[in-house]
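Encoded as structure tokens, the structure appears first; notes follow it.
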Amino acid sequence: MSRQDENATASTKVTSFITKNRILFIGALICFCVALVGFIVVSKITEASKDKSLSRIEEISFTLTDGSSALSEGELEARRLDALDSLASLNTKGGIVGARANMLSAEISFQLKKYEDAAKYWSNVAKKARSNYLYPLAMYNLGVAYEQLGKTSEASESYKAAYENKNCLFACHAGFSYGRTLEALGKYAEAVEIYQKINDAEPGEAWSMLAKTRIIALKAEKKVE
Numbered sequence: 008m009s010r011q012d013e014n015a016t017a018s019t020k021v022t023s024f025i026t027k028n029r030i031l032f033i034g035a036l037i038c039f040c041v042a043l044v045g046f047i048v049v050s051k052i053t054e055a056s057k058d059k060s061l062s063r064i065e066e067i068s069f070t071l072t073d074g075s076s077a078l079s080e081g082e083l084e085a086r087r088l089d090a091l092d093s094l095a096s097l098n099t100k101g102g103i104v105g106a107r108a109n110m111l112s113a114e115i116s117f118q119l120k121k122y123e124d125a126a127k128y129w130s131n132v133a134k135k136a137r138s139n140y141l142y143p144l145a146m147y148n149l150g151v152a153y154e155q156l157g158k159t160s161e162a163s164e165s166y167k168a169a170y171e172n173k174n175c176l177f178a179c180h181a182g183f184s185y186g187r188t189l190e191a192l193g194k195y196a197e198a199v200e201i202y203q204k205i206n207d208a209e210p211g212e213a214w215s216m217l218a219k220t221r222i223i224a225l226k227a228e229k230k231v232e
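The opening position of the sequence shown corresponds to residue 8 in the working numbering, with each subsequent residue numbered one higher.
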């Protein structure tokens, strides 16, 4: 077996692992997002202590998670549904309040496997936070929800928007997801172009190295020259 074939085989295995464990990667990113948003929310509360809406959202979040490890799945679902009801009026607000409320609603909907609802809420976040770092975050997670719905084309466009946004804090990850969906759509040359951009931008980053293995694999499979 040639070195190129060996690399292609390794790449295929890695990609298969990522695909099978996509939810784990998504979960890790969501945890990061929640922590980051928590920091911003605390900052906002400090800046505007009179804003009761943000405090209310944090109360809902606390009630949702407090002692949750000891609850049954049925009890957890009941909590999630109650939280969604409590967030309904807050989702319509503008600014950080509306964005945070929709983010929490999206996270809960995803846990409930209500992916259409999750997509709707992430779309709302993107609209309310178009000019800051929450926008690429929302577009990436919108892509995740679309993938769960089997809407690969829409997912690809969402990942692209996240990847190309100047405020994206995880450009390599978003770019790899964009390239992966381009592959799924049979757009191999475009996928290679994105993978190469990722690798050129941050060659030592984990997602960049995975992108490089995909380039090798696609060439070995003769899907691109």
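Idealized CB from N, CA, C, for every residue including glycine.
Less than 7 Å between C-beta atoms, sequence neighbours within five positions excluded: which residues of the same chain meet that for residue i?
i, result
"residue 201", "182, 185, 186 and 189"
"residue 206", "215, 218 and 219"
"residue 163", "185, 188, 189 and 192"
"residue 112", "91, 94, 98 and 128"
"residue 145", "129, 132, 133 and 136"
"residue 166", "147, 150, 181, 184, 185 and 188"
"residue 160", "192"
"residue 233", "Because residue 233 is not part of the residues shown, which for the chain are 8 to 232, the question remains open."
"residue 199", "222, 225 and 231"
Starting from residue i, trace the alpha helix (DSSP H) in both directions and tell me its first and last residue.
i, result
"residue 77", "Where residue 77 is concerned, there is no enclosing alpha helix (DSSP H), given that its DSSP letter is neither H nor E."
"residue 163", "159–171"
"residue 59", "59–72"
Check the C-beta distance from residue i over to residue j and give it rounded, since I have them as a contact under 8 Å.
i, j, result
"residue 172", "residue 210", "At roughly 22 Å, the Cβ-Cβ gap does not stay under 8 Å, so residue 172 and residue 210 are not in contact."
"residue 109", "residue 139", "Contact flag wrong, Cβ pair sits at about 14 Å."
"residue 222", "residue 203", "7 Å"
Please work out which residues of its chain come closer than 6 Å, Cβ to Cβ, to residue i, disregarding the five sequence neighbours upstream and downstream, and give them in chain order.
i, result
"residue 122", "152, 155 and 156"
"residue 86", "71"
"residue 228", "none"
"residue 124", "116"
Helix, strand or coil: which one does DSSP assign to residue i?
i, result
"residue 228", "coil"
"residue 179", "helix"
"residue 209", "coil"
"residue 127", "helix"
"residue 98", "coil"
"residue 92", "helix"
"residue 139", "coil"
"residue 204", "helix"
"residue 217", "helix"
"residue 134", "helix"
"residue 174", "coil"
"residue 105", "helix"
"residue 156", "coil"
"residue 193", "coil"
Taking 7 Å as the line, does the beta carbon of residue i fall inside it for any heavy atom of the ligand HEM?
i, result
"residue 149", "This structure simply doesn't include the ligand HEM, nor any ligand for that matter."
Got a sec: is the Cβ-Cβ distance from residue i to anything in chain B below 8 Å?
i, result
"residue 177", "In the structure shown, chain B does not exist; there is a single protein chain."
Ordered along the chain, which non-local residues of its own chain (more than five positions away) have a Cβ less than 8 Å from that of residue i?
i, result
"residue 84", "119"
"residue 100", "60 and 108"
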